[in-house]
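Visitor: Residue numbers (my numbering): 24 to 209. Below you will find the structure I want to go over with you.
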């Protein structure tokens, strides 16, 4: 079974912020699958998806621990469902990429992303696929930037990136992560 985790912060005040791009991409993919986040456990919500168009069931999950403690949700969920690290995929925002640009990697460090670092710390591994969605570099404080909402051309580019990320998730599940890397890396 695969586990796809979108990173973000819970609460209405964070909807649409740059830091919630992982949630946004997962929500868009969940709509494609007609999946509902109707399960709660370990301080997060998840959807169990058994769609016959996919080769195996999978879980879509969103931590409600706040970004910097994402690993406190991911590790217990993986243990509970006996999911291997290699079967985890994480979707999140990245300031080092231009707005809407995607970067898919099979493994690697967290960069400076604290949510990813929390997951890596709790799993004692960085050997899992990830999809990063570009939000652009901040003109000022990084914290203010990621918690702000994009507008205009930037919002249009990020929205396009969210849609591409949802398709990259779909294709990774259907055709394998290497296919998605080759097709969506920008």
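For glycine and all other residues, C-beta sits at the position ideal for the given N, C-alpha and C. Note that this is a predicted model, so its numbers are computed, not measured.
Quick one: what does DSSP say residue 147 is sitting in, helix, strand or coil?
Guide: Correct three-state label for residue 147: coil.
Visitor: Let me make sure I understand the geometry here. Which of 48, 30, 47 and 80 has the alpha-carbon closest to that of residue 197?
Guide: Cα-wise, what sits closest to residue 197 is 80.
Visitor: Since residue 153 and residue 128 should fall inside the 8 Å C-beta cutoff, what is the C-beta to C-beta distance between them, to a whole number of angstroms?
Guide: Sure, about 6 Å apart at Cβ, within 8 Å.
Visitor: For residue 44 and residue 110, which I take to be in contact (beta-carbon distance under 8 Å), what is that distance rounded to the nearest angstrom?
Guide: Not really, about 22 Å apart at Cβ, beyond 8 Å.
Visitor: Please report the distance separating the alpha-carbon of residue 77 from that of residue 163.
Guide: When rounded, the distance between both Cα atoms is 43 Å.
Visitor: For a minimum of 3 consecutive residues, which ranges assigned as the beta strand (DSSP E) are wholly contained in the segment 149–187?
Guide: 153–157, all fully within the segment 149–187.
Visitor: Quick one: measure Cβ to Cβ for residue 159 and residue 122, integer angstroms, because I've assumed they're closer than 8 Å.
Guide: Residue 159 to residue 122, Cβ: 4 Å. Contact.
Visitor: Relative to the C-alpha of residue 105, which candidate in 49, 25 and 201 has its C-alpha closest?
Guide: Among 49, 25 and 201, the Cα nearest to that of residue 105 belongs to 25.
Visitor: At what residues does the alpha helix (DSSP H) containing residue 100 begin and finish?
Guide: Run containing residue 100: 94–104, per the alpha helix (DSSP H) assignment.
Visitor: Distance check for residue 63 and residue 71, CA to CA, integer angstroms please.
Guide: Distance between the alpha carbons of residue 71 and residue 63 is about 11 Å.
Visitor: Which whole runs of the alpha helix (DSSP H) in the segment 115–142 are 4 residues long or more, in chain order?
Guide: Listed in chain order, there is nothing to give.
Visitor: What is the C-beta distance between residue 58 and residue 83, in whole angstroms, given that I count them as a contact (C-beta under 8 Å)?
Guide: Yes, they are in contact, since the Cβ atoms of residue 58 and residue 83 sit about 6 Å apart, within 8 Å.
Visitor: Select from 60, 107 and 74 the residue whose C-alpha is nearest the C-alpha of residue 86.
Guide: Residue 86 has its Cα closest to that of 60, out of 60, 107 and 74.
Visitor: Buried or exposed: where does residue 208 fall if 16 or more other Cβ atoms within 10 Å of its Cβ makes it buried?
Guide: With fewer than 16 Cβ atoms within 10 Å of its Cβ, residue 208 is classed as exposed.
Visitor: Within the continuous alpha helix (DSSP H) that includes residue 52, where are the two ends?
Guide: Residue 52 -> alpha helix (DSSP H) spans 44–56.
Visitor: Just reading off the alpha helix (DSSP H) that residue 200 is part of, what are its end residues?
Guide: Unbroken alpha helix (DSSP H) run through residue 200: 200–207.
Visitor: Measuring CB to CB, does residue 133 end up less than 9 Å from residue 28?
Guide: No.
Visitor: In its own chain, which residues sit with a C-beta less than 6 Å from the C-beta of residue 40, not counting the 5 before and 5 after it?
Guide: Closer than 6 Å at Cβ, skipping near neighbours: 170 and 172.
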